[in-house]
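Quick note: the sequence shown uses full-length UniProt numbering, first residue 1, plus one each step.
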Amino acid sequence: MNRVLRRFHGLPLRSRLALLVATAVALAVAAAAVTCWFVVRNALLDSLDDALSSNRPKAEDVIQRIDIDAVGGQARCLREVPGRDNPDLFKQTIQVVAKNGTNCAILGRQTVDVDAADIAVAERRKAETYHNATASNGERYRVYTYPLEDPQLPLAVSVARPLSEMDDTLDNLALILVVVAGIGVLGAGAAGLWVARTGLRPVDRLTDAVEHVARTEDLNLRIPVEGDDEIARLSESFNSMTASLASSRDLQQQLIADAGHELRTPLTSLRTNIELLARSEETGRAIPPDDRKALLASVTAQMTELAVLIGDLQELSRPDAGPGAGDGGGKIQVVALHDLTRTALDRARLRGPELKITAELAPWYVRAEPPALERAIVNILDNAVKFSPPRGTVEVTLDRGRLTVRDHGPGIPADELPHVFDRFWRSPSARALPGSGLGLSIVARTVRQAGGEVTLEAAEGGGTVATMRLPGAATPPPETPLAGTGATY
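Listed below in structure tokens is the structure:
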């Protein structure tokens with residue numbers, strides 16, 4: 001059985017479907033044929049029994065024309081009916097049965113074996129009986145036995161007809177059913193193969209599409225979707241998958257192109273400055289001290305910019321995990337958001353010492369990666385410091401998980417707001433300022449991984465408001481170590 005199953009599972013799907021359809025139809029046809037045969041058999045048997053019982057008056061007429069003796073409990077036929085050996089005269093065999101099981105035929109070529117039911121009728125224990133019996137020549141008969149109406153003779157009369165009358169019809173019917181069943185099975189096999197080919201045609205198209213993508217890496221291929229069945233859903237899923245892969249590849253290529261463009265500017269400037277310093281050393285012509293100092297400062301600034309850009313690219317290259325899940329860059333911990341904000345504010349004040357930065361921070365605890373979340377807050381504050389006017393004010397508020405950073409700078413035009421979180425996107429007014437255009441993209445990614453959301457919008461009276469919302473609680477969970485403290489609550 002296991003070997004058969006292994007061979008079945010080793011067949012192609014099309015062959016398995018055709019075989020299953022053919023087997024199902026074959027079983028249905030076989031069940032219908034067997035049922036039909038038994039129904040017809042029972043109908044023929046009932047018809048034969050009716051014919052036997054309907055011939056009872058004819059048998060009575062024959063019995064009245066002969067002498068019957070039951071001396072000693074034995075049945076004896078004293079005078080025969082003319083033509084008893086001519087079966088064409090009467091199509092049945094008629095015999096008399098005594099209580100002791102003896103019998104004598106009064107019509108027909110042979111006698112029929114006496115059954116216990118026949119004796120019971122002769123003894124008046126049964127009114128009548130139908131059964132099958134074997135004649136003296138070995139032929140099978142259908143027998144109808146009823147009691148003789150003469151009360152002085154305890155005898156029964158059996159009227160029998162050959163079962164061949166019914167068996168011939170059943171044999172012909174069985175042959176017809178076998179032929180019809182065979183034709184049905186062959187037709188079912190052909191139909192199953194056609195159904196398999198038709199049903200698997202979309203799967204063939206899907207297979208061809210997958211092989212084409214694997215061979216050519218063409219992710220723009222789409223499969224036509226027909227209907228709303230499982231195959232259509234599979235086609236839609238394949239189209240969605242290829243569209244997502246194409247989008248991901250496009251984003252990857254765009255990231256590489258943008259990164260190359262952003263790296264080219266500091267590298268070009270750095271190479272130019274280093275070449276000037278190297279030429280001065282080779283030619284022996286000293287660069288004026290002020291110019292040399294400016295060149296070295298430019299080299300340092302460009303190296304710093306490269307380091308920041310490379311760090312941002314590494315941050316963006318990490319797998320994008322779902323809300324609340326770590327992605328390998330750090331461990332998810334319970335973080336005091338107000339403490340991280342204070343640390344980020346200290347760094348922001350160092351970068352903009354002439355600015356006034358106010359803060360109102362209510363306690364709030366979230367689950368996140370502490371370094372990534374701190375960097376996101378720093379990036380938001382850096383933008384506020386960068387675009388604030390000299391001696392301006394930056395207002396920071398943390399209330400029930402809602403962190404807002406408001407500056408009083410030039411603001412962001414409404415048509416540019418949808419692009420502020422795109423990678424490498426920088427507004428025309430900010431392209432002259434230092435930065436890579438990755439800061440807000442990193443912010444959006446980090447906040448999304450922590451299960452929150454971040455928005456930028458124009459503030460009333462000018463400037464920009466950055467809003468970060470993170471799920472959490474005003475108190476930490478009990479017995480929970482806080483990031484960066486080692487204390488538990």
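Ideal Cβ positions, reconstructed from N, Cα and C, are used throughout, including at glycine. Model, not experiment: these values are computed from the prediction.
Can you say whether residue i is buried or exposed, counting buried as having 16 or more other CB atoms within 10 angstroms of its CB?
i	result
Q253	exposed
N273	buried
K99	buried
P418	exposed
L296	exposed
D204	exposed
A348	buried
residue 495	Given a span of 1 to 489 for the chain in the structure shown, any question on residue 495 remains unanswerable.
residue 493	Absent from the structure is residue 493, since the part of the chain shown begins at 1 and ends at 489.
P476	buried
R161	buried
N42	exposed
R406	buried
A286	exposed
W194	exposed
V39	exposed
G472	buried
H212	exposed
G284	exposed
M468	buried
D50	exposed
A135	buried
A432	Any reading at A432 needs caution, since the residue's pLDDT is 47, under 50, leaving its predicted position unreliable; the model's value is listed next. A432 should be labelled exposed.
V34	exposed
M241	exposed
M303	exposed
V264	A quick correction: the sequence has Arg, not Val, at residue 264. The residue in question, R264, is exposed, as its Cβ has fewer than 16 Cβ neighbours within 10 Å.
A372	buried
R84	Low confidence applies here, because R84 scores a pLDDT of 48, under 50, leaving its location unreliable and the question unanswered by this model.
T216	exposed
P266	buried
Determine, using beta carbons only, whether residue i and residue j come nearer to each other than 8 Å.
i	j	result
L219	A246	yes
A344	E374	yes
K126	A120	yes
R400	A362	yes
L456	T464	yes
A376	G411	no
L44	L175	no
L173	R140	no
A214	V225	no
L440	L398	no
G101	V114	yes
V179	A22	no
L48	R201	no
T93	L107	yes
V385	L340	no
P390	H408	no
A122	P147	yes
A196	A24	no
V396	A359	yes
residue 571	A188	Examination of residue 571 is not possible in this model, given that the chain is present from 1 through 489 alone.
Start and end of the alpha helix (DSSP H) containing residue i?
i	result
I183	S164 to G199
V121	A116 to A122
Just list the residues that DSSP pairs residue i with in beta bridges.
i	result
E149	Note: E149 sits in no beta bridge, so no partner.
residue 490	Because the chain spans 1 through 489 in this model, residue 490 falls outside it and cannot be assessed.
A133	Y141
A297	Looking at the DSSP assignment, A297 forms no beta bridge with any residue, so it has no partner.
E395	T358 and R406
V159	I94 and Y144
V112	A135
A473	Y365
Taking Cβ positions only, does residue i come closer than 8 Å to chain B?
i	result
V40	Any reference to chain B falls outside this structure, which holds one protein chain only.
Would you give the residue range spanned by the beta strand (DSSP E) that residue i belongs to?
i	result
N103	N103 to L107
I94	T93 to A98
Q449	Element bounds for Q449: not the beta strand (DSSP E) but the alpha helix (DSSP H), G439 to Q449.
V335	Q333 to A336
Open item on the list: I'd like the ranges of any beta strand (DSSP E) spanning at least 3 consecutive residues and lying wholly in the segment 346-371.
Closed with: 356-361 and 365-368, all fully within the segment 346-371.
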